[in-house]
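Keeping their order, the protein sequence lines are chains H and F.
At position 42 of the first sequence the residue is numbered 42 (our numbering), and the sequence of numbers has no breaks.
At position 107 of the second sequence the residue is numbered 365 (our numbering), and the sequence of numbers has no breaks.
Only one structure is covered here, and it is reproduced in the block below.
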Amino acid sequence: MKIVVCVKRVPEIDQIKVANDRIEASGAGMTNPFDMYAIEEAIRIKEKTSGEVIALTVGSEDSDLALREALSIGVDSAVRVWQDDIKESDILATAGILSAAIEKIGDVDLAIFGKQAVDDDASSVSGAVGGFLGFPQVLFVKKIREIDEGKLVAERATEDGFDIVETSLPAVISVVKEINEPRLPSLKGKMKAKKAPIEVLGLADIGLETTAVGAASPSRQIKAEEPPPRPAGEILQGSSPEELADALIAKLKEEKLI
Amino acid sequence: MDYFLTETQQEIRDLAYRIAEEKIKPVRAEYDEKGTFPWDIARVLSDSDLFGSYIPEEYGGLGEGLFSGILVTEQLARICSGIALVFEGTLLGTYPLILFGNEEQKEKYLPRIANAEIISAFGMTESGAGSDATGIKSTATKDGDHYILNGTKQWITNAVEAEVYTVVCLTDKERGIRSATAFIVERGTPGFGFGKKENKMGIRASSTAELVFEDCRVHKSAILGKVGQGLRVAMDTFDMTRPVVAAQAIGLAQGALDEAVTYSQQRVQFGSKIASFQSIQTMLADMAMKIESSRLLLYHLCRLADRGDKDLTKLSAIAKLISSDMAMQVTVDAVQIFGGYGYMRDYPIEKMLRDAKITQIYEGTNQIQRLIIANELIREYNRSKR
Chain H
1 MKIVVCVKRV PEIDQIKVAN DRIEASGAGM TNPFDMYAIE EAIRIKEKTS
51 GEVIALTVGS EDSDLALREA LSIGVDSAVR VWQDDIKESD ILATAGILSA
101 AIEKIGDVDL AIFGKQAVDD DASSVSGAVG GFLGFPQVLF VKKIREIDEG
151 KLVAERATED GFDIVETSLP AVISVVKEIN EPRLPSLKGK MKAKKAPIEV
201 LGLADIGLET TAVGAASPSR QIKAEEPPPR PAGEILQGSS PEELADALIA
251 KLKEEKLI
Chain F
259 MDYFLTETQQ EIRDLAYRIA EEKIKPVRAE YDEKGTFPWD IARVLSDSDL
309 FGSYIPEEYG GLGEGLFSGI LVTEQLARIC SGIALVFEGT LLGTYPLILF
359 GNEEQKEKYL PRIANAEIIS AFGMTESGAG SDATGIKSTA TKDGDHYILN
409 GTKQWITNAV EAEVYTVVCL TDKERGIRSA TAFIVERGTP GFGFGKKENK
459 MGIRASSTAE LVFEDCRVHK SAILGKVGQG LRVAMDTFDM TRPVVAAQAI
509 GLAQGALDEA VTYSQQRVQF GSKIASFQSI QTMLADMAMK IESSRLLLYH
559 LCRLADRGDK DLTKLSAIAK LISSDMAMQV TVDAVQIFGG YGYMRDYPIE
609 KMLRDAKITQ IYEGTNQIQR LIIANELIRE YNRSKR
């Protein structure tokens with residue numbers, strides 16, 4: 001089975017600030033935490049069914065960090081798509097690039113994503129990739145019950161339980177953290193991953209035009225701003241629980257909340 | 259700060275800390291409370307290639323020497339000094355095999371230890387032979403091609419969980435310590451059993467018990483090194499493991515400092531964070547100063563050891579002594595910074611204090627370390643005069 005696991009480098013939460021109407025991040029960043037579950041699941045499927053796992057990302061050289069993390073845990077090879085025109089690509093453009101790269105890799109049975117990236121929390125790229133490729137998609141998978149050549153049975157997490165979904169392969173799935181406990185890398189794995197080659201593809205390599213990406217994306221970000229600070233809370237005073245309860249109800253009524 | 263670690267050493271350090279943070283932190287309080295043995299952590303360390311980091315490559319380890327052993331110990335102890343002993347105690351049980359084992363003995367045991375399939379233990383101490391290691395009474399009586407072991411070894415780390423043990427016994431009571439000989443004994447050998455498991459003040463995730471030998475018959479091929487070399491096996495092993503106790507103490511102290519710096523920036527008294535008070539600042543500064551100087555000495559020592567330098571007894575004793583006294587002071591001060599909260603089991607800091615005390619006691623008490631240092635010092639001066 002040939003599996004592509006899509007990963008993303010994201011900034012660390014304490015390294016983000018809003019300046020000049022944009023989000024600026026410093027530091028090396030980290031692998032999107034949800035992608036760790038996708039990497040683990042991809043490797044588990046490979047261990048069960050044999051085959052290969054390829055880690056894929058869209059991004060500049062900084063993004064090698066996520067690919068090398070995947071390599072250190074047991075992914076077989078890594079592909080990164082980048083040229084400067086890709087900068088500022090939106091969700092749809094990014095999904096288009098990933099889809100073209102998956103087609104270029106060829107004969108892919110399964111593409112796995114983490115349920116969302118913690119930087120933009122969009123949770124949309126996986127679904128869009130399914131759409132572009134014409135693959136069935138099962139998003140928010142919490143368990144894979146069965147997988148073999150041509151068929152997947154998975155539990156899809158819902159708010160009040162799960163659905164059991166059966167689909168043909170190739171397919172796109174995204175996974176939630178309940179699906180597994182990601183393993184830690186081994187030292188030998190980490191040392192090997194440091195030196196492992198990463199295949200870098202440009203848009204021409206995957207048959208895309210610059211008119212579909214970057215500044216030419218269908219949407220663009222106009223401005224970023226900090227959320228307004230939370231107003232200070234109010235502590236109600238009273239000498240008995242009854243008095244406090246009355247004061248609370250009065251307050252809630254005043255705010256038209258009840 | 260740049261400690262001039264190699265790329266591999268940095269990876270070892272970072273990976274060990276990550277394991278400590280992700281796998282040990284969530285379970286350390288439970289292991290401390292229950293006093294059970296952390297097999298699951300041994301497994302994680304082995305899956306990460308770290309369990310046998312110091313074991314030579316040809317026997318399945320990483321071949322990264324003593325330095326890797328102290329890096330792993332330090333980072334694990336930063337989060338839990340008790341669980342760190344699953345690694346550290348095995349290192350103590352394994353170094354005799356690395357230093358004195360013949361090819362056959364090394365091939366038989368080291369690869370299985372490297373992947374945590376089995377763990378090892380070392381038995382020297384007896385009820386009447388603590389600081390005076392030469393006072394051991396256990397005997398190994400020759401009987402043809404075999405030796406018959408009798409006696410009890412006390413306070414043995416990993417005792418109940420290990421599969422392979424190195425124990426030192428007298429082959430000739432008359433000749434005493436000059437006849438001391440190290441034997442490799444496997445678990446399950448008839449006549450070899452365990453005494454009571456100790457209920458300890460600290461390092462409670464590590465198991466400590468007696469090894470009891472009653473007419474336990476072992477073949478002469480189980481001799482480690484030569485007959486009469488037992489004390490040397492022990493002393494050369496301690497030269498390697500005292501630095502590891504130093505690493506445990508330094509890691510523990512660093513963990514206490516990590517907690518104290520964080521807490522002092524959260525805790526507000528008199529309308530200010532307590533970290534803004536000079537009385538707290540001087541305590542934090544003293545802690546950092548002592549930790550850093552102990553660490554630099556230890557790293558230097560381990561570089562010398564891995565370079566193959568002999569005669570590290572004095573420096574090894576100095577490192578163990580300075581680091582363990584330091585860990586005691588630092589953890590006491592850390593509890594003080596936490597105040598009443600530090601005394602409560604809801605915070606990890608009182609456990610660090612309990613765990614610190616043993617580092618001043620085992621692998622030779624700090625009083626004995628001073629005697630070792632003084633003896634070496636006098637010997638060096640007399641030699642240079644000649």
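Cβ coordinates follow ideal geometry from the N, Cα and C atoms, glycine included.
Please list, in chain order, all residues of the same chain as residue i whose beta carbon is under 6 Å from its beta carbon, the five residues on each side excluded.
| i | result |
| --- | --- |
| H/I173 | I112, V138 and V141 |
| H/K17 | E24 |
| F/K531 | Q523 |
| H/A247 | L236 and G238 |
| H/A42 | I3, V5, V53 and I112 |
| F/N408 | T397 and F471 |
In whole angstroms, give me the CA-to-CA distance for residue i and residue j.
| i | j | result |
| --- | --- | --- |
| F/C427 | F/T439 | 6 Å |
| H/K223 | H/R22 | 6 Å |
| F/F441 | F/W413 | 18 Å |
| F/A287 | H/I45 | 35 Å |
| H/D64 | H/G27 | 14 Å |
| F/I270 | F/I607 | 26 Å |
| H/A245 | H/A232 | 20 Å |
| H/S60 | F/E280 | 29 Å |
| H/P182 | H/E146 | 19 Å |
| F/E421 | F/N373 | 13 Å |
| H/A38 | F/G451 | 48 Å |
| F/I549 | F/K454 | 36 Å |
| H/T94 | H/V125 | 7 Å |
| F/I481 | F/L611 | 39 Å |
| F/I299 | F/E472 | 33 Å |
| F/K400 | F/R490 | 20 Å |
| F/D272 | F/L334 | 11 Å |
| H/I105 | H/I86 | 19 Å |
| F/E517 | F/T589 | 10 Å |
| F/N360 | F/G483 | 8 Å |
| F/V476 | F/I406 | 6 Å |
Which chain H residues sit within Cβ distance under 7 Å of residue i?
| i | result |
| --- | --- |
| F/T331 | Within 7 Å Cβ-Cβ: nothing; F/T331 doesn't reach chain H, min ~15 Å. |
| F/V491 | Here the premise fails: no neighbours, minimum Cβ distance about 30 Å. |
| F/V526 | Ordered by position in chain H, no residue passes the 7 Å Cβ test against F/V526, which lies about 17 Å from the chain. |
At what residues does the alpha helix (DSSP H) containing residue i begin and finish?
| i | result |
| --- | --- |
| F/D220 | Residue numbering for chain F in the displayed model covers 259 to 644; residue 220 of chain F lies beyond these limits and cannot be assessed. |
| F/D298 | W297 to D305 |
| F/T499 | G488 to S522 |
| F/G381 | No alpha helix (DSSP H) holds F/G381; the beta strand (DSSP E) holding it covers S378 to G381. |
| F/N640 | N624 to K643 |
| F/Q412 | Premise fails: F/Q412 lies in the beta strand (DSSP E), H404 to T415, not in any alpha helix (DSSP H). |
Between which residues of its own chain and residue i is the CB-CB distance below 7 Å, once the five residues before and five after are set aside?
| i | result |
| --- | --- |
| F/S574 | D497, R500, P501 and L559 |
| F/A577 | R500, P501, A504, L555, L556 and L559 |
| F/Y521 | I595 and F596 |
| F/D307 | L320 |
| F/R637 | none |
Quick test of your reading: residue i and residue j, contact by CB under 8 Å. State the CB separation rounded to the nearest angstrom.
| i | j | result |
| --- | --- | --- |
| H/D76 | H/I102 | Going by Cβ atoms, the distance from H/D76 to H/I102 rounds to 16 Å, so no, they are not a contact pair. |
| H/T210 | H/L203 | 6 Å |
| F/T266 | F/E322 | 6 Å |
| H/L71 | F/L320 | 19 Å between Cβ atoms; not a contact. |
| H/S219 | H/S89 | Wrong, their Cβ atoms sit about 10 Å apart, outside the cutoff. |
| F/L368 | F/L350 | 15 Å between Cβ atoms; not a contact. |
| F/A507 | F/T397 | With a Cβ gap of about 35 Å, F/A507 and F/T397 do not count as contacting. |
| F/K615 | F/M586 | 7 Å |
| F/S385 | F/T410 | 7 Å |
Less than 7 Å separating the Cβ of residue i from some heavy atom of the ligand GDP?
| i | result |
| --- | --- |
| H/K195 | The ligand GDP is not among the ligands present in this structure, which contains no ligands whatsoever. |
Over what stretch of residues does the beta strand (DSSP E) that includes residue i continue unbroken?
| i | result |
| --- | --- |
| H/Q137 | Q137 to D148 |
| H/R22 | R22 to A25 |
| F/V590 | Where F/V590 is concerned, there is no enclosing beta strand (DSSP E), although the alpha helix (DSSP H) it sits in stretches over T571 to F596. |
| H/S219 | Note, H/S219: premise wrong, no beta strand (DSSP E); not H, not E. |
| F/D401 | T397 to D401 |
| H/S174 | A171 to V175 |
Leaving aside the five residues before and after residue i along the sequence, list all residues of the same chain whose C-beta is less than 8 Å from its C-beta, in chain order.
| i | result |
| --- | --- |
| F/A463 | R286, Y289, D290, G293, T294, F295, P296, C338, G340, I341, L343 and V344 |
| H/I259 | The question about residue 259 of chain H has no answer, for chain H in this structure spans 1 to 258. |
| H/F162 | K142, K143, E155 and R156 |
Please list the partners that residue i has in chain F, where partner means a Cβ-to-Cβ separation under 8 Å.
| i | result |
| --- | --- |
| H/L187 | T266, E269, I270, L273, S306, D307, L308, S311 and L320 |
| H/K190 | E269 and L273 |
I want to verify the contact list: residues of chain H whose CB lies under 9 Å from the CB of residue i, in sequence order.
| i | result |
| --- | --- |
| F/R276 | L184 and P185 |
| F/E280 | L184 |
| F/V443 | Within chain H, no residue comes near F/V443; the closest Cβ sits about 31 Å away, beyond 9 Å. |
Just to make sure I have the definition right: I need the residues of chain H whose C-beta is within less than 8 Å of the C-beta of residue i. Which are they?
| i | result |
| --- | --- |
| F/V302 | L184 |
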